[in-house]
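If you count the sequence shown from 1, position 195 lands on 195 in the UniProt record's numbering, and the numbers rise without skipping. Where a beta carbon is used, it is the ideal one built from N, C-alpha and C, also for glycine. Have a look at the structure below before the remarks.
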Amino acid sequence: MAHTIRWGIMATGWIATTFVRDLLKDPKARDASDVAHRVIAVASSSAKAKATQLISSLGIPGPCTAYGNYEDLVTDSDVDVIYVATPHSHHFQNVMLALSAGKNVLCEKAFTVNAAQAKILYETARQKNLFLMEAVWTRYFPLSVQVRQIIRSGVIGEVLRTVADTSFGEAVEEKWATTHRMVNPDLAGGALLELGIYSLTWVFQTLYHTLPKDQRKPPSVTSQMTRYHLTGADESTSIILTFSTSTPSNTALPRCSHGIALTNIRVSSDPDGQGTSGPTIRIQGTKGEIQVFGYPFRPTRYRVIPVKGAGEVREVECPFPDGGHGMAWEADEVARCLRDGKVESEGMPWEESIAIMEVMDEVRRQGGLEYPAQIESTEYPLQLWG
Ligand SMILES: NC(=O)C1=CN([C@@H]2O[C@H](COP(=O)(O)OP(=O)(O)OC[C@H]3O[C@@H](n4cnc5c(N)ncnc54)[C@H](OP(=O)(O)O)[C@@H]3O)[C@@H](O)[C@H]2O)C=CC1
Ligand SMILES: O=C1OC[C@@H](O)[C@H](O)[C@H]1O
1 MAHTIRWGIM ATGWIATTFV RDLLKDPKAR DASDVAHRVI AVASSSAKAK
51 ATQLISSLGI PGPCTAYGNY EDLVTDSDVD VIYVATPHSH HFQNVMLALS
101 AGKNVLCEKA FTVNAAQAKI LYETARQKNL FLMEAVWTRY FPLSVQVRQI
151 IRSGVIGEVL RTVADTSFGE AVEEKWATTH RMVNPDLAGG ALLELGIYSL
201 TWVFQTLYHT LPKDQRKPPS VTSQMTRYHL TGADESTSII LTFSTSTPSN
251 TALPRCSHGI ALTNIRVSSD PDGQGTSGPT IRIQGTKGEI QVFGYPFRPT
301 RYRVIPVKGA GEVREVECPF PDGGHGMAWE ADEVARCLRD GKVESEGMPW
351 EESIAIMEVM DEVRRQGGLE YPAQIESTEY PLQLWG
């Protein structure tokens, strides 16, 4: 019998709509017969009519309640877990609201504006024994699971370098101007928190997450940032992370791996948009390399290339079996964690989510990028704009 969880959706924007559409897919189409999802409430902070419209336009089966504020959503006693789909400037306040009402939470990336906020949220969840997860959907793709398994199997040897590039080539001024979340500092916008987080995800899931837990150490950080002339948000950020590896060194010099995380909103990591313009992620080991194709947040194919002469090149297509966007796999993980009484997911541990936020803090420090004090604040409750 499938374990069914009841979702409450906080916000009615693009990703909320995309997520709900995926939740409504039949789990059996992706071979998930052990869990199921129901959307039983949707809330808009700006107008109840938006929640009503989302429910009807997606054909969410009833009963599903529309709310005109987030406070009513988090106190709905029928909701098991809240999906927070607001801009990341608001995540700290929104997640605190849900946790304070005793609700489990799946919160969109970037998890918070800074690591200090993330630590408070996880500590609050721990104290209240509530499930909390940063919604880094890509980690739950079969492609990501397979890549991590290949690395752990040792097939490509010791992984010493990962290069990941998550860049959108857009006419920034025309497409996003000054207020869109991609470029708006009031919403903690910019390349790093919007897209760079996926490059960091690939660096971390290949050079950090794949190590035994006691060997996972925060990396050192070197970075450069270019700012968007109209808002001051970052439009291009390049990061080199240095991780100490598990391999003992018999010299005074420690052996290290490098993660190179790139992001840019003017040039593209996948210029033809078809996943055929070369790998966007290269995971380089002493015995071979894994190349991943397509935007790093939604890759579709990977290739395993043994070092010269050591074996056949293997290419694997990873389609989206239910025709969905790919968000249901993370939702299934949430359902399994709730079913099993877990407060955190093994695929996106709290400690790793904080380690990545700390890297982003340091990159912003090096680039001199600060967001408005209200959205950097750890004070709760605090009234924000919007
Ligand atoms: N995992 C993924 O693939 C993706 C994740 N994201 C992440 O999801 C979050 C939301 O992105 P997206 O859905 O594209 O954004 P949208 O602007 O489309 O939607 C955001 C929604 O948040 C609510 N909201 C609450 N306060 C504010 C405010 N002050 N300003 C704007 N909106 C507000 C609004 O809903 P209402 O008025 O109903 O309350 C709004 O519709 C971001 O953190 C982003 O990084 C985005 C795209 C893809
Ligand atoms: O998180 C994201 O991933 C997918 C992109 O389309 C989106 O803009 C970004 O915020």
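- Task: Can you list the residues near ligand 2, meaning Cβ strictly closer than 5 Å to any non-hydrogen atom, in the order they appear in the chain?
- Result: Any heavy atom of ligand 2 counts here; residues with a Cβ closer than 5 Å to one of them, in chain order, are E194, F297.
Next item on the list: May I have the straight-line CA-CA distance separating I239 from L384, to the nearest angstrom?
Entry: Taking the sequence shown and counting its residues from 1, one reaches residue 239 at position 239. Taking the sequence shown and counting its residues from 1, one reaches residue 384 at position 384. So the two alpha carbons sit approximately 31 Å from each other.
For my contact list, P212 and A29 are in at a C-beta cut-off of 8 Å; report their separation, rounded to the angstrom. Walking along the sequence shown from the start, residue 212 turns up at place 212. Walking along the sequence shown from the start, residue 29 turns up at place 29. With 8 Å as the limit, P212 and A29 do not qualify as a contact, their Cβ atoms being about 35 Å apart.
| said: Under 8 Å, Cβ to Cβ, is there at least one residue of chain B near T12? | reply: Structure shown: chain B not included; a single protein chain is present.
Taking 8 Å as the cut-off, decide whether the C-beta atoms of G196 and T231 are in contact. Here residue 196 refers to the residue found at position 196 of the sequence shown. Here residue 231 refers to the residue found at position 231 of the sequence shown. Against a cut-off of 8 Å, the Cβ pair of T231 and G196 comes out as no contact.
For ligand 1, I want to know if P87 counts as a neighbour, meaning its beta carbon is within less than 7 Å of at least one of the ligand's heavy atoms. Working through the sequence shown from its first residue, we reach residue 87 at position 87. Yes, ligand 1 has a heavy atom inside 7 Å of this Cβ.
Where V155 sits in the DSSP three-state scheme: Start at 1 with the first residue of the sequence shown, and residue 155 comes out as number 155. Of the three classes helix, strand and coil, the one that applies to V155 here is coil, per DSSP.
Is any heavy atom in ligand 1 found nearer than 7 Å to the beta carbon of L187?
The sequence position of residue 187 within the sequence shown is 187, counting from 1. True, at least one ligand heavy atom lies under 7 Å from that Cβ.
Practice prompt. Please determine, among L207, L193, M96, D186, the residue with the shortest C-alpha to C-alpha distance to P372.
Written response: Within the sequence shown, residue 372 is the residue found at index 372, counting from 1. Ranking L207, L193, M96, D186 by Cα distance to P372 puts D186 first.
(request) Round the Cβ separation of K103 and V79 to the nearest angstrom and send it over; I've been treating them as touching at under 8 Å. (result) Start at 1 with the first residue of the sequence shown, and residue 103 comes out as number 103. Start at 1 with the first residue of the sequence shown, and residue 79 comes out as number 79. Indeed, because the Cβ distance is near 6 Å, the residues count as touching under 8 Å.
How many whole angstroms separate the CB atoms of V313 and R303, which I take to be in contact at a CB cut-off of 8 Å? Residue 313 sits at position 313 when you count from the first residue of the sequence shown. Residue 303 sits at position 303 when you count from the first residue of the sequence shown. With a Cβ gap of about 6 Å, V313 and R303 count as contacting.
Please confirm whether any heavy atom of ligand 1 lies closer than 7 Å to the CB of E108. Taking the first residue of the sequence shown as position 1, residue 108 is located at position 108. With a cut-off of 7 Å, the C-beta of E108 is classified as near ligand 1, since at least one heavy atom of the ligand falls inside that distance.
**Prompt:** Taking Cβ to Cβ, would you say M357 is nearer than 8 Å to A191?
**Reply:** Here the question's residue 357 lines up with position 357 in the sequence shown. Here the question's residue 191 lines up with position 191 in the sequence shown. The criterion of a C-beta distance shorter than 8 Å is not satisfied by M357 and A191.
Quick check on this structure: which residue in Q291, Q274, G275 has the alpha carbon closest to the alpha carbon of V203? In the sequence shown, residue 203 corresponds to position 203, counting from 1. For the residues Q291, Q274, G275, the minimum Cα distance to V203 belongs to Q291.
*Is the distance from the Cβ of S345 to the Cβ of M133 below 8 Å?*
By one-based count along the sequence shown, residue 345 stands at place 345. By one-based count along the sequence shown, residue 133 stands at place 133. The Cβ atoms of S345 and M133 lie closer than 8 Å to each other.
Measuring CA to CA, which of T286, T18, R38, L207 is closest to A85?
In the sequence shown, residue 85 corresponds to position 85, counting from 1. Taking only the C-alpha atoms, the option nearest A85 is T18.
**Item:** Candidates F293, Y83, G285, V163, of which the one nearest K308 by Cα
**Value:** To locate residue 308, count along the sequence shown from 1; it is residue 308. The shortest Cα separation from K308 among F293, Y83, G285, V163 belongs to G285.
**OP:** Compute the beta-carbon to beta-carbon distance between R216 and Y208, rounded to the nearest angstrom, for a pair I have assumed lies under 8 Å.
**Re:** Stepping through the sequence shown from its first residue, residue 216 is reached at position 216. Stepping through the sequence shown from its first residue, residue 208 is reached at position 208. Indeed, because the Cβ distance is near 5 Å, the residues count as touching under 8 Å.
For this session: Quick one: give me the first and last residue of the alpha helix (DSSP H) that D234 is part of.
Result: On the sequence shown, residue 234 is found 234 positions in, with the first residue counted as 1. No alpha helix (DSSP H) contains D234, which is instead part of the beta strand (DSSP E) from 234-244.
Measure from the alpha carbon of V363 to the alpha carbon of each residue in D234, V316, G157, L99, then state which is nearest. In the sequence shown, counting from the first residue as 1, residue 363 sits at position 363. It is D234 whose Cα lies nearest to the Cα of V363.
Give me the residue from V74, E71, R38, S223 with the minimum Cα distance to P61. For the purposes of this step, residue 61 is taken as the residue at position 61 of the sequence shown. It is R38.
Nearest candidate by alpha-carbon position, reference G278, set A32, D76, A164: On the sequence shown, position 278 is the one that residue 278 refers to. Relative to the Cα of G278, the nearest Cα in the group A32, D76, A164 belongs to A164.
*Examine ligand 1 and report whether any of its heavy atoms sits within less than 7 Å of the Cβ of I15.*
Taking the first residue of the sequence shown as 1, we reach residue 15 at position 15. Yes - ligand 1 has a heavy atom lying nearer than 7 Å to the Cβ of I15.
Going by other Cβ atoms of all chains shown within 10 Å of its Cβ, with 16 needed for buried, is E71 buried or exposed?
The sequence position of residue 71 within the sequence shown is 71, counting from 1. Answer is exposed; the Cβ neighbour count stays below 16.
Check your understanding: V20 and L54 look like a contact to me (Cβ under 8 Å); what is the Cβ gap, rounded to whole Å?
Key -> As a working note, residue 20 is residue 20 in the sequence shown. As a working note, residue 54 is residue 54 in the sequence shown. About 7 Å separates the beta carbon of V20 from that of L54, a gap short enough to meet the 8 Å contact definition.
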